[in-house]
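Numbering (the numbering used here), first residue to last: 209 to 601. Glycine residues also receive a C-beta, built at the ideal position from the N, C-alpha and C atoms. For clarity, every value in this text was computed on a predicted model and none was experimentally measured. These notes concern the structure reproduced below.
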């Protein structure tokens, strides 16, 4: 590790008694010790202490570069803590870390849960909607919330959405003399405003949750009719082949349904939509699925706006595809990028046929009919045919 000037220390509710000798030595030798007010009290640091600024700013630590400095954080600093925020701004050899058990580890140990089978989330600075993609019957979740009041708010939020029968455990001050663990149902949880830095363990019971198959029901999306319908959307997503960590350009996004399902697979999406009212629908849908952190809404007209965007791993064009759009997209994307375009007009269909002949890929025409009432009987009502061209750059 060379000669690190910064030591990142995880501290638990047992204070100095739970720290290694290396951690205590670093605290003794540090000119400045950063941490939350609670951490500094637990470590008994007074005159050399500096409380974190609100909002958090890693630059105050970097200003001490080259001088012995210590940072105190709860439990494991690299589990929803400051460790990652600091390390990404430092060179190798500038820092060393001494971690303590994370709150997630302590909570799982108290409940006897296998941590590898538990979803761990930090909700102390994020909306509860982040839970939505994870909620399913029987799923176990441990999440960090701001305080006892927030724990009560979370219980109310769950009950409102059909998860009121879920078992909840409120865990605070784990590993210390003030440790508290209480069990209750989500629809019968009384908030304790005196508790701070609370962990909530949840065994979900109630609704079915969001399906993981492609082609979610159209009724889940707010839209004005500009929506890639369920069966066609499933075919588009199959061609787009979403993978965790990948980025999508969704051009002419409409309601954002393609981006929503892409993000549910663990990727991120940049939606490009010219109309402000439809951009508002995308934001509403992203919020209702708990995906605002994975979907970026860009209001503007393609292809002009594409030049300023980070390059994608896949591109979907659901409408408005023309030769100029193709040229702009094809010239911007890297080799290996997947492109999927849909056409419902004869003119665009002819363009896709030509592109398929020149660039290969797969060309498919989809005709779908749904049963509909015809007097006293039923008949088939056909939707407009959709032509899909998918290719790899």
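Check your understanding: Is it true that the stretch 424-436 meets the stretch 381-390, where meeting means three or more beta-carbon pairs spaced less than 8 Å apart?
Key -> no
Check your understanding: For the candidate residues 262, 267, 459 and 232, whose alpha-carbon lies nearest to that of residue 250?
Key -> 232
Review point. Cβ of residue 269 within 8 Å of Cβ of residue 215?
Key: no
Check your understanding: Alpha carbon to alpha carbon, how far is residue 219 from residue 285?
Key -> 9 Å
Point to revise | residue 392, DSSP secondary structure in three states | key: strand
Review point. In this structure, does DSSP put residue 311 in helix, strand or coil?
Key: helix
Point to revise | Residues near residue 400 by beta carbon distance below 6 Å, same chain, minus five either side | key: Apart from the 5 residues on each side of it in sequence, residue 400 sits with its Cβ closer than 6 Å to the Cβ of 356 in its chain, given in chain order.
Review point. In the DSSP assignment, what are the bridge partners of residue 376?
Key: Beta-bridge annotation (DSSP): residue 376 is paired with 392 and 410.
**Study point:** Nearest residue (CA-CA) to residue 375, options 366, 381, 382 and 383
**Key:** 366
Check your understanding: Since residue 528 sits in a beta bridge, which residues does DSSP pair it with?
Key -> DSSP lists no partner for residue 528.
Review point. Where residue 582 and residue 574 are concerned, what is the direct C-alpha to C-alpha distance, given to the nearest angstrom?
Key: 24 Å
Point to revise | Secondary structure of residue 470, DSSP reduced to three states | key: helix
Check your understanding: Among the residues of its own chain, which have a CB less than 7 Å from the CB of residue 223, if the five just before and after it don't count?
Key -> 250 and 251
Practice item. Give the single residue among 476, 247 and 495 whose Cα lies nearest to the Cα of residue 429. Key: 495
Point to revise | Rounded distance between the beta-carbons of residue 460 and residue 525, thought under 8 Å | key: 6 Å
**Study point:** CB of residue 487 within 8 Å of CB of residue 507, strictly
**Key:** Yes, Cβ-Cβ distance for residue 487 and residue 507 is below 8 Å.
Check your understanding: Can residue 557 and residue 600 be called in contact, C-beta distance under 8 Å?
Key -> No, these two residues do not count as a Cβ contact at 8 Å.
Check your understanding: Quick one: complete beta strand (DSSP E) runs, 3+ long, within the stretch 525-586?
Key -> 546-551, 570-574 and 577-582
Check your understanding: Between the Cα of residue 408 and the Cα atoms of 424, 280 and 330, which residue gives the shortest distance?
Key -> Answer by Cα proximity: 330.
Check your understanding: Is the stretch 416-428 touching the stretch 337-347 in the sense that three or more CB pairs, one from each, lie closer than 8 Å?
Key -> yes
Review point. In three-state terms, what does DSSP make of residue 329?
Key: Shown here, residue 329 sits in a strand according to DSSP, grouped into three states.
Point to revise | Cα-Cα separation between residue 509 and residue 482, rounded to whole angstroms | key: 5 Å
Review point. When DSSP builds the beta bridges, which residues end up paired with residue 476?
Key: Secondary-structure assignment with DSSP links residue 476 through a beta bridge to 455.
Review point. For residue 463 versus residue 431, is the C-beta distance shorter than 8 Å?
Key: yes
Exercise for review: Name the two residues that bound the continuous alpha helix (DSSP H) containing residue 490.
Suggested key: Per DSSP, residue 490 is one residue of the alpha helix (DSSP H) stretching across 484-496.
Practice item. Locate the alpha helix (DSSP H) running through residue 218, then write down its first and last residues. Key: Segment 214-219 is the beta strand (DSSP E) holding residue 218; no alpha helix (DSSP H) there.
Exercise for review: Tell me whether residue 479 is buried or exposed, calling it buried when 16 or more other Cβ atoms sit within 10 Å of its Cβ.
Suggested key: buried
Review point. In terms of residues, what are the limits of the alpha helix (DSSP H) holding residue 355?
Key: Element bounds for residue 355: not the alpha helix (DSSP H) but the beta strand (DSSP E), 348-355.
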